[in-house]
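See below for the structure under consideration.
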Amino acid sequence: MSETWPQGVGRVILARTDSTNAEAMRQAPSLTGPTWIMTHEQVAGRGRRGRGWVMPAGNFAGTLVLRPKGDPEAVAQLSFVAALALYDALSDACGPAARLAIKWPNDVLLNGGKIAGILLESLGSGRSIQAVAVGIGVNLAAAPTTSAVEPGAVRPVSVREETGFTVAAEDFLDLLAPAFARWLAQFETYGFAPIRNAWLARAARLGETIIARTGQNETRGVFDGIDETGALVLTTPSGRRVLPAADVFFGG
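Under numbering that gives the first Met the number 0, the first residue of the sequence shown is numbered 0, with each subsequent residue one higher.
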């Protein structure tokens, strides 16, 4: 554990598990404070909308378990906090030459390729959330093949392939945990506004035309940022559209 590890935050390192989010949900009732759960081998990782998350050997899979403060809307905004923390940790790991950006809502890109993903899951129902699991997967050593991702999605990349740097998973956790603690403190103290501003400063394709898909519906428009809740804002030929949930594509 590094000297910069955040005070009061637990750390659990596993050799193997099904998914760190699933393990987080199992352990959450007995945890007394925020805790990171990391595994060296994850055999049933999950992505957004029930998709699988492939984890080649040497990659990072970790989940932060939190007792949420605030309503479910504020809990959902933790995904932006996580994206900023991940951006900072990757900045430290990859060096100043790395070209990083965040694709709405929380996919971190390295040199235009998807380097990481974030998945939030909660324990509880309705407006009563007992715990939230902030799951993070990072392609440190290797990226999944393009056949493992949705057609039209951003190509997967890895830290090693893009930068030549080898970063061990536990060393990466030592970068990620303090970064997350810093952004979380800002969020809990000042609310979403500074998180929104910091996120926009790192946003991929801001001011450019993108495609947002929700189910069978597709909306093409200029990406004009996010609103005060974190929803996607597009300017389309038929006017301004605000989308609280969608899959974003960068195709022509």
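Just so you know, even glycine gets a beta-carbon here, dropped at the ideal spot from N, CA and C.
Looking at the secondary structure, which residues open and close the alpha helix (DSSP H) in which Trp35 lies? First-last for Trp35: Thr34 to Thr38, but that is the beta strand (DSSP E), not the alpha helix (DSSP H).
Can you name the residues that DSSP bridges to Leu119? Val133
In or out: Gln6 buried (at least 16 other Cβ within 10 Å) or exposed? Exposed, because fewer than 16 other Cβ atoms sit within 10 Å of the Cβ of Gln6.
For Arg126, which three-state DSSP category applies? Note: Arg126 maps to coil in three-state DSSP.
Could you tell me whether the segment 130-144 touches the segment 152-159, using the rule of 3 or more Cβ pairs below 8 Å? Enough Cβ pairs lie closer than 8 Å, so yes.
Bridge partners for Leu242 per DSSP, in chain order? Leu231
Name the DSSP bridge partner or partners of Asp106? Lys102
CA-to-CA distance, Gly190 to Val221, given in whole angstroms: So the two alpha carbons sit approximately 27 Å from each other.
Give the C-beta separation of Leu233 and Thr213 to the nearest angstrom, bearing in mind that I take them to be a contact with Cβ-Cβ under 8 Å. About 12 Å; that fails the 8 Å criterion.
What number of angstroms, rounded off, separates the C-alpha of Arg216 from the C-alpha of Gly9? Looking at the sequence provided, one finds Asn at residue 216 rather than Arg. Asn216 and Gly9: Cα-Cα distance of roughly 42 Å.
DSSP state of Phe179, grouped into three classes? helix
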